[in-house]
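Peer 1: Okay, so the sequence shown: first residue is 1262 according to my numbering, each after it adds one.
Positions of the beta carbon are idealized from the N, C-alpha and C atoms, including for glycine.
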Amino acid sequence: MEFRARLVRLNSFFSKKNNILIYLIIFIGVLIPSLSPSFDTNIWNRLLSILNNPFFNCMYFFAIGLNVMYMVKENSKSFNFIIRFNNYHNLIKSFIKDIIIYTIFLYFISFILSFAGSILFSLDNFSMVDYFDYSFPVIIYIIFFAIRSIMISCLLNIIIYLLTLNRGKILSTIILTINSSLFLVLPQNYKMINHFYDLHIFPQYYYMYNTYSTFMLETICTILYVFLLIIIINILFKFFLKKKRDI
C-alpha cells in the first residue's frame, strides 16, 4: 500500500510543470562546463572535470534544493491531513524516502548529461587512463566520486527538508542560496590533506578537486563527514517530533 502510494506521488511530482525549471537549471549547469576550453580530450578526465566543476555543482545544488521546496509545497496538504491523526512520524519518514529517490534521479540525469557533454568534446579519445592522484583507472574514482556526491546530496536535501518543516521557507531559501553560492566563492584547496582531522567542514569541498595523501584517507574523511550529516539529521528529526508533540 505504501509502495503504491509512493509511486502515485512520484508520478504526480515528476509530471509537474515546475520540474521543467529544475531540468533547465541542470542542463545549463552541464552545458557551460562542457563548452569550457580544455587541453585534456580524454572523455573520462573531461567527465570528472564537469562533475567537480564549481558552476555545475552550484546549479545542481540549486536544482535539488528547489526540488525539495517544491515537494514540501505539494505535500503540505497531505501533511496537515495526516498530522491530525497523530501519524506525522511515519509521514515524514516516507517523505524523506521520496527525497532520496528524487535526489538520486536528478543526479542520474546530471551524470548522463555530463557524460554526453564529455563525448561531444572528447575527440573520440576513450582510452582508459589512471587518475592522476592514485594508481588506478580514473573510472574507479569517478564511481567513488559519484557515490559520494549522491550520498552527501541526499543528506543535505534531507536537512533542507527538515529545516523547511521546522523553521519555514524563508530559512530554507536562505540556506539553499548560500549553499549553492558557496561553490562559486570558496577558494580551491591546494593543500594536501594528510590526516583525517583535516577534513573539510563545508560540503562543497567534497564536490571539488582535493589532494589527499592516500585514497584510503579520502575514503575515511568521506565516511566521517557522512556520519556527521547523519547526526545533524537525527538531531533535527528529534527536534521536529518534540516540537509537534508540544503542539
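1. Count the other CB atoms within 10 Å of the CB of T1480; is the residue buried (16 or more) or exposed (fewer)?
2. At the level of alpha carbons, what is the spacing between C1582 and L1352?
3. Measuring straight from C-alpha to C-alpha, what distance separates F1366 and I1462?
4. Between the stretch 1419 to 1427 and the stretch 1356 to 1373, are three or more C-beta pairs nearer than 8 Å?
5. If we ignore side chains and look at the alpha-carbon of each, how far apart do F1317 and I1435 end up?
6. Can you tell me whether P1448 is buried or exposed, with buried defined as 16 or more other CB within 10 angstroms of its CB?
7. Using 8 Å as the threshold, is the stretch 1464 to 1483 in touch with the stretch 1491 to 1499, meaning 3 or more CB pairs across them?
8. In the DSSP assignment, find the unbroken alpha helix (DSSP H) run with S1310 in it and report its ends.
9. Is Y1422 helix, strand or coil by DSSP?
Peer 2: Straight from the coordinates:
1. The count along the sequence shown starts at 1 and reaches residue 1480 at position 219. So T1480 ends up on the exposed side.
2. As displayed, the chain neither begins before 1262 nor continues past 1508, which places residue 1582 out of reach and without an answer.
3. On the sequence shown, residue 1366 is found 105 positions in, with the first residue counted as 1. On the sequence shown, residue 1462 is found 201 positions in, with the first residue counted as 1. Those two C-alpha atoms are separated by around 26 Å.
4. yes
5. Against the sequence shown, residue 1317 aligns to sequence position 56. Against the sequence shown, residue 1435 aligns to sequence position 174. Cα-Cα distance, rounded: 20 Å.
6. What you label residue 1448 is simply residue 187 of the sequence shown in a count that begins at 1. Classification of P1448: exposed, given that the 10 Å Cβ count is below 16.
7. no
8. Reading the sequence shown from its first residue, position 49 is the one you call residue 1310. Where S1310 is concerned, the enclosing alpha helix (DSSP H) stretches over I1304 to L1312.
9. Stepping through the sequence shown from its first residue, residue 1422 is reached at position 161. Y1422: helix per DSSP, three-state reduction.
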